[in-house]
Structure formats: C-alpha cells, structure tokens
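Undergrad: Residue numbering for the sequence shown follows our numbering, starting at 3 and increasing by one per position.
I'd like to ask some things about the structure below.
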Amino acid sequence: MSSMIALVQWRGICAGKSSIAQYLVEEHNFTRIRLARIAATPAVEKSASNAHVPSTDSGSVDKRLTFADVDALLDFVTLRWRERWVTTDIWDDKVVDALLRRPFFLLVSVDAPVSVRWRRFTNRFAKNKLTPPSLEDFVLRNDEHLFAPGTGLSALFQRAQLKLLNSTASIATLCDAIRSLNLTNEARLRPSWDQYFMQLADLAAHRSNCMKRRVGCVIVREKRVVSTGYNGTPRGMTNCNEGGCPRCNNAAKGGTGLSTCLCLHAEENALLEAGRDRIGGSATLYCNTCPCLTCSVKITQVGISEVVYNQGYMVDTMTANIFAESGVRLRQFSPPTEGLVDLSLEIAPNDGAETKPDDVRDVLDGDYFVRPL
3 MSSMIALVQW RGICAGKSSI AQYLVEEHNF TRIRLARIAA TPAVEKSASN
53 AHVPSTDSGS VDKRLTFADV DALLDFVTLR WRERWVTTDI WDDKVVDALL
103 RRPFFLLVSV DAPVSVRWRR FTNRFAKNKL TPPSLEDFVL RNDEHLFAPG
153 TGLSALFQRA QLKLLNSTAS IATLCDAIRS LNLTNEARLR PSWDQYFMQL
203 ADLAAHRSNC MKRRVGCVIV REKRVVSTGY NGTPRGMTNC NEGGCPRCNN
253 AAKGGTGLST CLCLHAEENA LLEAGRDRIG GSATLYCNTC PCLTCSVKIT
303 QVGISEVVYN QGYMVDTMTA NIFAESGVRL RQFSPPTEGL VDLSLEIAPN
353 DGAETKPDDV RDVLDGDYFV RPL
C-alpha cells in the first residue's frame, strides 16, 4: 500500500474537518500530523473577548509530528511512504502547491451552511465556558478569513479534488456518509486503468458538437490507446451545434427519428479511425455512455472483445443481447465520486466499480456480464 496524505481543508470554522480526520485515524489507521501556524490566530476562531477557543482535537497530536514548514513535512512523509497520514493544517496556497506536486496527496475540502457552523461553534463555546461573538460578528469574521484580498482562503477550496458539504446532524451520520464515499480508495491518487481510460472517454466527449448528448469513446489494446472518437456530424459538414443536423436541432425525444440523424456516434468515429486491422481480437472499447443497438452491431463486427461503459442508455438490454450472443463482454464502471458531494443526502456505496440498479446485468444473468477486477 502506498502512502496517502489526506489533507482536510475547511472553508469555515466548525465545518467538520477534525471529525473527518478523526474518522480516518480511527477506522483507517491514519496518523495525524501538523504544520505549524506562523500567522496569528484569525478572529473567526476567537471568542467575543478575543480569547482563543480550544479546538476539538487540541492536544491529540504528538509534538514530534508537528513540522515548521511544508518541506519538512514532505521529507518526513516521503521516507515513510508505506504509512497513512492526515492533516487539517493548510494556511496558504504555497502549502497546497507543494503538496499537490506529490502523487500521494489528496486535498479534501469541507464546508457547511453558516447557520449550522454557528450552532456548532456556540456549542463549543458553551463547553469551554466562553462567550461567543454575535452571529453578525461571526459572519463578518468568517468573510474576512475567506475573502480578504491577498490572504483569504476561499480560492483554495476550489482546488480540492473532493469538496464535501457537511450539514449532517451528528458525528455518526457524518462518518456513515464518509464511509459510503470510500474516501481511502487509492484510485483517487492514481487512477486504475478503467478509470484512466474512462476519463479519456469523458475528455473526448468534450469535443462533441452533437446538440442531443455528449458522448466520448476510446479503443484500447494491451493498455495502449488505439483511437478515440466523439459524436457529431461527418467531416466536411456543418457541425451539429451550428445547425448541421435537423433532427438533433429540433425537439425530438431521445430514440425517435434516428433514421434522419446525420450525426456519427462516438463509437463509430473511433472504429472508423482505428480500422479492423489495428483493433485485432483483444481490444477494449470504453465509452461514457452504453452503446446503442446500431453501434453494438458494428463493435461486434470489428472484433472488440470487451465494452466498458459508465452511464446507461435506453436500449441497454438490446445492446446486451447482441454482445452476449457474439461473445463480447459488457460491464459498467463508475469511477470514485469526485467534485461536490452533499453528505446529508443518501450516498450509494462507490468503490470505483459500482453497479447501478438498472444495469443490464440485473436483467440478463450471463457469464459475459462481469464486474471489473
């Protein structure tokens, strides 16, 4: 197992960073490390009389694991690459820049509504028998901390690979939500091959000019890219998003009027680019959307051995029948959740290989429908 630093950054005080760090320590054998704060304690962390309010994790970290600067912290962790570390100390963009250059670093941000954070903050004051600032002062201090020109930390929040919105009502609920995210999945640090090629398919989809749906496709042989494709009108014709395909530019519902569509599908473009000779008999096709019936016939004809998709499509079952009869393996791969996640919502477990309830394998139980390793 490679080293992992999970740096939990908070956008506002009492957002839940310490609770998430403690979860990693207790359930996944992480060790807390600290980066010394050089600047003065910001006003948002002080009482009405400017007294410092003790943190909920105060004194829980070995002083030998506190470092004067980020370079010293990185030197320490690099020599101990088999272990797992977590810190909640991020003071400026220089710290983030240094950490993001390393392959073992995951930046997680956590935020919560002001009203929720205020309630948590006043509870902390009550436990320490201190007078909290007024709600108005709390908001003003928070804004200063996040948005002050040159020193505000709000911009750092946007650099996180995973952004958590924590309006959960209890620590137990928060831990359940984090557990469902599979936060320690090492594919968050270095993508698995499935994740890597699916991300390339998603990137190809951004070149799509089809007005109906963005689809991207990658054909791979022996873990090397053979060709890529995205959907849109044929070469030399007006782009679909410029009026080139009348069918895609009207209000036709999905699956209707397909015989009048002028757009080539992403899979078709990738197959045409590669050709049967380059594809051979051991190629895998990755597509961010499950291929349609027409494309499945062509995929079978050129000798693709496996199709991996992310999102379902309305003719999944018919596609699955074609692949099952012709011996093409079909499976769904959904990468680990990234971006903004609301922890108060019910989160389905996601280990990077999620099978959705409406997956075709729930309908067709055959040897060709397998989970990825």
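Glycine is no exception: its CB is placed at the ideal position from the N, C-alpha and C atoms.
1) Counting beta carbon pairs with one atom in the stretch 164-174 and one in the stretch 107-119, are three or more of them shorter than 8 Å?
2) Once you ignore the five residues that flank Pro193 on each side, which residues in its own chain have a CB closer than 7 Å to its CB?
3) In whole angstroms, give me the CA-to-CA distance for Pro382 and Leu345.
4) Would you mind sorting Lys19 into buried or exposed? The rule is 16 or more other CB atoms within 10 Å of its CB.
5) Please confirm whether Ala174 and Ser229 have their CB atoms less than 7 Å apart.
6) With DSSP collapsed to three states, give me the class of Val330.
7) Which residue wins for smallest C-alpha separation from Cys247, given the options Arg215, Asn290, Cys292 and Pro337?
8) Start and end of the beta strand (DSSP E) containing Trp120?
9) Examine the ligand PLP and report whether any of its heavy atoms sits within less than 6 Å of the Cβ of Leu75.
10) Val46: which of Val112, Asp95 and Leu137 sits nearest, CA to CA?
11) Can you have a look at Gly14 and say buried or exposed, based on whether 16 or more other CB atoms are within 10 angstroms of its CB?
12) Does Asp318 come out as helix, strand or coil in the three-state DSSP assignment?
13) Where does Ser60 land, buried or exposed, given buried means 16+ other C-beta within 10 angstroms?
14) Which whole runs of the alpha helix (DSSP H) in the stretch 137-182 are 4 residues long or more, in chain order?
15) Round the Cβ separation of Leu37 and Val110 to the nearest angstrom and send it over; I've been treating them as touching at under 8 Å.
16) Report the CB separation of Val88 from Val27 in whole angstroms; it is logged as a contact under 8 Å.
17) Please list the terminal residues of the continuous alpha helix (DSSP H) segment that includes Glu29.
18) Span of the beta strand (DSSP E) holding Asp99?
19) Based on Cα-Cα distance, which residue from Gln197, Glu327 and Tyr311 lies nearest to Thr302?
20) So, helix, strand or coil for Leu108, using DSSP?
21) Closest to Ser284 by CA distance: which of Val227, Gly245 and Gly238 is it?
22) Kindly indicate which three-state DSSP category Leu37 falls into: helix, strand or coil?
23) In three-state terms, what does DSSP make of Asp204?
24) If we count the other Cβ atoms within 10 Å of its Cβ and call it buried at 16 or more, is Phe149 buried or exposed?
25) Which of the three DSSP states is assigned to Ala285 in this structure?
26) I need the boundaries of the beta strand (DSSP E) containing Asp344, first residue and last residue.
27) Would you kindly work out how many angstroms separate the C-alpha atoms of Ala17 and Arg122, rounded to a whole number?
28) Could you tell me whether the Cβ atoms of Cys292 and Cys219 are closer together than 7 Å?
TA: In this structure, then:
1) yes
2) Gln201
3) Nothing about residue 382 can be read from this structure; the chain reaches only from 3 to 375.
4) buried
5) no
6) coil
7) Arg215
8) Per DSSP, Trp120 belongs to no beta strand (DSSP E); it is in the alpha helix (DSSP H), Val116 to Lys129.
9) Within the structure as shown, the ligand PLP is missing, as the structure has no ligands at all.
10) Leu137
11) buried
12) helix
13) For Ser60, the pLDDT reaches just 47, beneath the cut-off of 50, and the residue's location in the model is therefore unreliable, although a value from the coordinates is still provided. Looking at its Cβ environment, which holds fewer than 16 other Cβ atoms inside 10 Å, Ser60 is exposed.
14) 137-149 and 156-159
15) 16 Å between Cβ atoms; not a contact.
16) 7 Å
17) Lys19 to His30
18) Per DSSP, Asp99 belongs to no beta strand (DSSP E); it is in the alpha helix (DSSP H), Asp95 to Leu102.
19) Glu327
20) strand
21) Val227
22) strand
23) helix
24) exposed
25) strand
26) Gly341 to Asp344
27) 9 Å
28) no
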